[in-house]
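Novice:
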Amino acid sequence: MQLPSLPPLDVVPQGELHVGVDLGTAYLVLVVLDEKNQPILGEYQFAQVVRDGLVVDFIGAVDRLREMKSSVERRLGRELTHAASGYPPGVPAAERRATANVVEAVGMHCRNLIDEPSAANALLKLQNGAIVDVGGGTTGISILQDGEVVYTADEATGGTHFSLVIAGAQDILFEEAEALKIDPDQQARIFPTIRPVMEKVASIVSRHIAIYQEESGKTVKQLVLVGGTTQFPRIADVIEQYTGIPTSVPERPLFVTPLGFAMHDIATEEVF
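Read left to right, the sequence shown gives residues 42 to 313 (the working numbering).
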C-alpha cells in the first residue's frame with residue numbers, strides 16, 4: 042500500500058535522501074524524505090513480525106522490508122543505501138540490535154536508532170504534554186516537559202484488541218475484523234462495539250498521568266495521539282472525555298513515528 046496523498050514522482054529527487062523504517066506490531070512502514078526533510082513517498086504493509094518491540098519473525102521482517110524497499114526504489118529511480126529506525130522505551134540493547142539487523146539485511150546501513158517518543162516529537166515538536174502511541178499491540182505513554190521525555194510507560198492494549206473484540210462481536214475471523222476496522226463505511230457501525238477498548242486505552246493513559254503528576258507535582262495539559270489505531274474516528278473524543286485533557290490526532294498518525302525516524306537518518310559515529 043502506498044502512502045496516501047503524496048505527489049507522484051515526475052522528477053527523480055536529487056540530493057541526500059533520508060529513510061525511516063518502523064517495524065511495528067501490526068505494520069511495517071518505510072518512508073523517504075528529501076534533503077530538506079520533506080516527505081517524498083513511502084509504503085506500508087500489514088505484518089505481524091514484531092511483538093512488544095521485539096523482532097519475533099526475523100526472516101518475515103526482512104522479506105517484507107526488502108519487498109517494500111524494492112518497490113520504493115523503482116518509483117524513486119534511486120537506490121536506498123541507509124536508513125534510521127527505532128524502538129519503544131525500555132527495549133533491551135540486544136533487541137535494538139535486532140531491529141538494526143533487519144534494516145541492514147535488506148542492504149541499508151542503519152545510521153541511527155532512536156526511541157519512538159523522541160522520533161515522534163521530532164515531527165510534533167511538543168514542549169509540554171503527552172504523546173500517546175496506540176500501536177497494534179500496546180499503548181505507549183510518553184510525557185514531555187520542555188521538549189524532553191521525562192516519563193514513559195507501555196501497556197498491552199492496542200489495535201489488535203480492537204480487532205479481537207470486533208471478531209467476537211461479529212462472529213468473524215480476525216483477518217475479516219482487521220479489514221472491517223479500517224473500512225470507512227463500517228466504522229460508525231462498529232464504533233459502539235470498540236468504544237470500551239478505547240476507554241481501556243484512556244484508563245491506561247489516565248492512570249499513568251496520575252502517577253506522573255503525583256510524583257512530579259506537574260500537570261499534563263495536552264495529549265497527542267499517534268499510531269495506526271488512532272486513525273479510527275472519534276478515538277480522540279473518547280480519550281478526552283475520559284481523561285478530561287484536551288486530545289488531538291495529527292494528520293496521518295500512522296506515519297508520525299517513521300517520519301521522525303527518517304529525520305534522524307544522519308551520519309553518526311555510533312555503531313548499532
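Glycine residues also receive a C-beta, built at the ideal position from the N, C-alpha and C atoms.
Sort out for me which residues DSSP pairs F99 with in a bridge.
Specialist: The residue labelled residue 99 in the question sits at position 58 within the sequence shown. F99 pairs with nothing; no bridge assigned.
Novice: Relative to the alpha-carbon of T284, which residue among G269, V242, E292 and T298 has its alpha-carbon at the smallest distance?
Specialist: As a working note, residue 284 is residue 243 in the sequence shown. When each option's Cα is compared against that of T284, the closest is V242.
Novice: Go through the region 160–230 residue by residue and report every complete run of the alpha helix (DSSP H) that reaches 4 residues or more, in order.
Specialist: With a minimum length of 4 residues, the unbroken runs of alpha helix (DSSP H) contained wholly in the region 160–230 fall at 200–211 and 215–222.
Novice: Please determine if the region 111–127 and the region 252–265 are in contact, where contact requires at least 3 C-beta pairs separated by less than 8 Å.
Specialist: The region 111–127 vs the region 252–265: no contact.
Novice: With DSSP collapsed to three states, give me the class of F273.
Specialist: Walking along the sequence shown from the start, residue 273 turns up at place 232. Coil at F273, not helix or strand.
Novice: Counting along the chain, where does the beta strand (DSSP E) carrying F87 start and finish?
Specialist: Along the sequence shown, read from residue 1 onward, the residue named residue 87 stands at position 46. It spans P80 to F87 - the beta strand (DSSP E) in which F87 sits, taken as one unbroken run.
Novice: Going by the beta-carbon positions, is the gap between G127 and E84 smaller than 7 Å?
Specialist: Counting from 1 along the sequence shown, the entry for residue 127 is found at position 86. Counting from 1 along the sequence shown, the entry for residue 84 is found at position 43. No.
Novice: Could you check the C-alpha separation between L221 and T309 for me, to the nearest Å?
Specialist: The sequence position of residue 221 within the sequence shown is 180, counting from 1. The sequence position of residue 309 within the sequence shown is 268, counting from 1. Their Cα atoms are separated by approximately 43 Å.
Novice: Can you grab the Cα-Cα spacing for the pair L58 / G209, in whole Å?
Specialist: Translated into positions along the sequence shown, residue 58 becomes position 17. Translated into positions along the sequence shown, residue 209 becomes position 168. Spanning the two alpha carbons is a distance of roughly 44 Å.
Novice: Is the beta carbon of G65 sitting closer than 7 Å to the one on A161?
Specialist: What you label residue 65 is simply residue 24 of the sequence shown in a count that begins at 1. What you label residue 161 is simply residue 120 of the sequence shown in a count that begins at 1. No, these two residues do not count as a Cβ contact at 7 Å.
Novice: Among all the DSSP beta bridges, which residues are the ones paired with L266?
Specialist: Numbered from 1 along the sequence shown, position 225 holds the residue referred to as residue 266. V173, per the DSSP bridge assignment.
Novice: Taking 7 Å as the threshold (C-beta atoms), are I250 and V261 in contact?
Specialist: Stepping through the sequence shown from its first residue, residue 261 is reached at position 220. Stepping through the sequence shown from its first residue, residue 250 is reached at position 209. A distance below 7 Å separates the beta carbons of V261 and I250.
Novice: How many Å lie between C151 and L121 at the Cα?
Specialist: Residue mapping note: residue 151 aligns to position 110 of the sequence shown, counting from 1. Residue mapping note: residue 121 aligns to position 80 of the sequence shown, counting from 1. Taking the straight line joining both Cα atoms gives about 11 Å.
Novice: Closest to A141 by C-alpha separation, out of V96, E292 and T180, would be which residue?
Specialist: Your numbering for residue 141 matches position 100 in the sequence shown. Here the closest residue by C-alpha is V96.
Novice: At what residues does the alpha helix (DSSP H) containing R138 begin and finish?
Specialist: Taking the sequence shown and counting its residues from 1, one reaches residue 138 at position 97. Segment A134 to A146, the alpha helix (DSSP H) holding R138.
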